[in-house]
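I have placed the structure first, in the form of structure tokens, so that the comments after it can refer back to it.
Number of protein chains: 2
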Amino acid sequence: MSKSRTPSIKMVADRAGVSVATVSNVLNGKPTVSPDFARRVNDAVRELGYVVDLGASRLRSRKTQLVGVVVPDLTNPMFASFVSTLEHLARLDDYDLVVVSARNNAEEEADRLRKIRAWRPAGLIVIPCDGAFAERLPNGFFAPVVLADRIPDAAGFDLIAVDNGPAAGAIAAHLDEQGYRDCMVVGSSLSISNVRERWEGVQAAVRRMHVEMLEIGIDDANGAQRLEERLRRRPLPGALFSLDHGTTLLTYRAMAEIGLSVPGDLAFASFDDMEWMQLVAPGITAVRQPIEEMAEQAWALLLRRMTGSAGKPVTRRLRCAVEIRGSTPRSPLEEAGNMKLGGEKWKLQDEPYSPE
Amino acid sequence: MSKSRTPSIKMVADRAGVSVATVSNVLNGKPTVSPDFARRVNDAVRELGYVVDLGASRLRSRKTQLVGVVVPDLTNPMFASFVSTLEHLARLDDYDLVVVSARNNAEEEADRLRKIRAWRPAGLIVIPCDGAFAERLPNGFFAPVVLADRIPDAAGFDLIAVDNGPAAGAIAAHLDEQGYRDCMVVGSSLSISNVRERWEGVQAAVRRMHVEMLEIGIDDANGAQRLEERLRRRPLPGALFSLDHGTTLLTYRAMAEIGLSVPGDLAFASFDDMEWMQLVAPGITAVRQPIEEMAEQAWALLLRRMTGSAGKPVTRRLRCAVEIRGSTPRSPLEEAGNMKLGGEKWKLQDEPYSPE
DNA sequence: AGCTTACAATAAAACGTTTCACCAGAATTT
DNA sequence: AAATTCTGGTGAAACGTTTTATTGTAAGCT
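Right, here's the structure in full:
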């Protein structure tokens, strides 16, 4: 039996009785091609089930339809959704994606960047681990790079992110207005730009409320320990504001474990709105990031660069939405204040929160 | 200014003062290489920041470190987690992943399969949209294929899945034992093999409980409508068992919207355990799939094939875990039965519905 | 009829690798 | 000392494309 390999352009040419160049011309829709020959080529392609070898194609043409995507963690639903949207958009423009996860590790990120370079992608979309991204980019990297979600220390990249500061500030202001007097803010690490921006936004927005920050790291047992200890200590803060998805999950679970009730024992709000946050009772007040739109913008920016547009790097910020739910009701402390002015006492006991 | 392009092996050779063949030998760890020359080559590589062009490399060597991954939907956290684990394992073996989503659409899946073929991957890992996968695989596809999670109609592939039937059966038996007399089973579509297996497992496991199946499709407004109508009709079933992640989300949300309480109005259980299911109160009884282990097995199977192992296709089934939580308590009906032996009457009135 | 233009198709070079056949010299055997 | 085997290294071919330059032919112009 014949050593039949996956068909090459040469086999197509032979079967169609034309030259390889003609086959290539037909396949790439070059104008100078007679209908008759085109038909013969197309027939041969169909009969053989020929599919172009993109590796060889890129090698010669120096054009590739491949872009690399690097995210800190694929299991994070935010990033998964980001990649998913990206994948869809890329396909519409006939690009493919090589996706890698840096596992929240700067070294791995650097390693993956180097590796991905070996595919000679036409561009890169990266959600960097931390601010020192520029140092990790291989020096001789020519393809355009778009950064998303997190801001690097060094300038020089197209950038798409959300308005972390104002959005976090809105939550803080909300808690403030609801009458909470002190709020603990929890986040993974201030070395991540968006967490830092959120914290700064909180500080800028509060008026009467006192805030304190607690960093618990990423997958850091030590940090989780510190958080738990704080939650067991008294007095509790009136409110808790968690600044990123991982931290929210950890915190919410810890509160449940310790037996703290939301909002009975403390109010709770989160940056990053997950679907379960409207399924639990009471729902959790959260900032919802326009993650699909972020992916869209990232793709648009990259596409612009890949198709040759020059010019200064641009930075775009997207507006977040704030979802107020039952986990941040009017503070009982404040209610107590109002009651003196004739509030109805039973309300306090019957409905510890206002579910909306 | 010189037209400096990304460095090639030739530039490395020139700088090191050796032949291209020698550079290649050094880089690929060929044994016949003097330490002196190796050092010179490595120096040149470092100075130039040379990274091999994997496209060209594959073209000549006919070996590639690329595998394609096709999933029905990247936003589904199950699949996201699957891909994430896969990505990690692949990296350990120095493979890269091209990831595409078929968006729950057989046509798109076929399209993506054709497209991914153009990269000449060393193998494919696919979670197929439906049973007719074999027909969609391009005919001249030579790379090994491992299917996961869902079973195709046609045999001939390595296969890794979970024990859908027994696991779903365990839930059904649990509901039965808890005293529920009728249970509505909801799933996206019986054309998806694992949903079908789960439904069959339910039917095989029930003893006294009556079960009925409701298919609501995937992203099908019509199906959602039918579900909602059913939930508004009386009498309600004693229990609801949802057979896949998407359906669970939809159902749980619908119940909340309609104002049904779990387990007050009906018991609820789910195939697929999401993290929020232990965060809501009461927690939701669910089947937990070993999704990471599934990815591990898929990778192991594929790796075996890619490294040349022949032999008949194998099928492996993994054991699911069943998490019993508060959403499936002892049936009030059964409690009522017990009451005749001295139960407390008021309990019956607390439950508003009377099945049958 | 001659001369240029335009057109359709092709041969051959090039892309960056790996591999294969080969070679010079050193080391070993006869 | 001559003949053989190793050893470390190289030139050139090959992989499957695209592109450039080139060809042959038909059409358009005096």
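Chains A and B, in that order, give the protein sequences. The numbering used here puts the first residue of the first sequence at 74, with every later residue one more than the last. The numbering used here puts the first residue of the second sequence at 74, with every later residue one more than the last. The beta carbon of each residue, even a glycine, is placed where N, CA and C say it ideally should be. Nothing here was measured: the structure is a model prediction, and the numbers come from that model.
Item: Around the Cβ of H283 (chain A), are there at least 16 other Cβ atoms within 10 angstroms (buried) or fewer (exposed)?; Value: exposed
Item: Starting from N212 (chain B), find everything on chain A with Cβ-Cβ shorter than 9 Å and list it in chain order.; Value: G122
Item: Mind checking if W372 (chain A) is an interface residue toward chain B, Cβ cutoff 9 Å exclusive?; Value: no
Item: Any idea what DSSP makes of L100 (chain B), helix, strand or coil?; Value: helix
Item: Which complete alpha helix (DSSP H) runs does the stretch 324–402 of chain A hold, if anything under 4 residues is left out?; Value: 364–379
Item: Name, please, each residue of chain B whose Cβ falls closer than 7 Å to the Cβ of R193 (chain A).; Value: D126, G128
Item: Less than 6 Å between C-beta atoms, sequence neighbours within five positions excluded: which residues of the same chain meet that for K418 (chain B)?; Value: Because the pLDDT of K418 (chain B) is 30, which lies under 50, any placement of that residue in the model is unreliable, and the number read from its coordinates should be weighed accordingly. Excluding positions up to five away in sequence, the list is empty.
Item: By the 10 Å Cβ neighbour count, where 16 or more other Cβ atoms means buried, how is Q251 (chain B) classified, buried or exposed?; Value: buried
Item: Near M84 (chain A), what residues of its chain come up, given a Cβ to Cβ distance below 7 Å and the 5 sequence neighbours on each side ignored?; Value: L121
Item: Can you tell me which of the three DSSP states F215 (chain A) falls into?; Value: coil
Item: Between S343 (chain B) and G242 (chain B), what straight-line distance do the alpha-carbon atoms span, to the nearest angstrom?; Value: 12 Å
Item: Counting only the same chain and skipping the five closest in sequence on each side, list residues whose C-beta sits under 6 Å from that of T227 (chain A).; Value: Just to set this straight, residue 227 (chain A) is Ala in the shown sequence, not Thr. Hits under 6 Å: A207.
Item: Can you give me the C-alpha to C-alpha distance between P239 (chain B) and V218 (chain B), rounded to a whole angstrom?; Value: 27 Å
Item: Going by Cα to Cα distance, which pick from B:T388, B:A312, B:L313, B:A195 is closest to K136 (chain B)?; Value: B:A195
Item: Output, in chain order, the set of chain A residues within a Cβ distance shorter than 7 Å of K103 (chain B).; Value: The premise fails here: K103 (chain B) is roughly 19 Å from chain A at the closest Cβ pair, so nothing lies under 7 Å.
Item: Going by beta carbon distance, what residues of the same chain come within less than 8 Å of A327 (chain A), once the five residues before and after it are set aside?; Value: A297, L300, E301, L304
Item: Identify the contact partners of Y325 (chain B) in chain A, using a Cβ-Cβ distance below 7 Å as the criterion.; Value: L352
Item: Cβ closer than 7 Å: which chain A residues qualify as neighbours of T79 (chain B)?; Value: G213, F215
Item: Is the distance from the Cβ of M151 (chain A) to the Cβ of D292 (chain A) below 9 Å?; Value: no
Item: For a contact meaning CB atoms closer than 8 Å, what does S107 (chain B) contact in chain A?; Value: Going along chain A, no residue has its Cβ under 8 Å from S107 (chain B), so there is no contact; the nearest lies around 26 Å.
Item: At the level of alpha carbons, what is the spacing between V279 (chain B) and F155 (chain B)?; Value: 31 Å
Item: Would you kindly check if the distance between the Cβ of V124 (chain A) and the Cβ of A191 (chain B) is under 9 Å?; Value: yes
Item: Measuring only between beta-carbons, confirm whether R88 (chain A) sits less than 9 Å from chain B.; Value: no
Item: For the putative contact between R398 (chain A) and P336 (chain A), defined by C-beta atoms under 8 Å, what is the C-beta separation to the nearest angstrom?; Value: Their Cβ separation, rounded to whole angstroms, is 10 Å, which puts R398 (chain A) and P336 (chain A) out of contact at 8 Å.
Item: Name the residues in the stretch 164–180 of chain A whose C-beta lies less than 9 Å from a C-beta of chain B; which are they?; Value: R164, D167, D169, L170, V171, V172, V173, S174, R176
Item: If you count every other CB in all the chains shown that lies within 10 Å of the CB of P108 (chain A), and 16 or more means buried, which is it?; Value: exposed
Item: Output needed for G311 (chain B): all residues of its chain with C-beta closer than 7 Å, excluding positions within five of it in sequence on either side, in chain order.; Value: Y253, R254, D255, C256, L339, A340, S404, L406, P428
Item: Tell me which residues share the same chain as P80 (chain A) and place their Cβ nearer than 7 Å to its Cβ, disregarding the 5 neighbours each side in the sequence.; Value: L121, G122, Y123
Item: Compile a chain-ordered list of the residues in the stretch 135–155 of chain B whose CB is closer than 7 Å to at least one CB of chain A.; Value: L147, T148, P150, A153, S154
Item: Output the distance between the C-alpha atoms of I289 (chain A) and V353 (chain B), rounded to the nearest integer angstrom.; Value: 24 Å
Item: Starting from F314 (chain B), trace the beta strand (DSSP E) both ways and give me its first and last residue.; Value: 312–315
Item: Can you list, in chain order, the residues of its chain whose CB lies under 8 Å from that of L452 (chain B), leaving out five sequence neighbours each side?; Value: Since the displayed chain B opens at 74 and closes at 429, residue 452 (chain B) lies outside it and no answer follows.
Item: I'd like to know if M347 (chain A) contacts chain B, where contact means its C-beta is closer than 9 Å to some C-beta of that chain.; Value: yes
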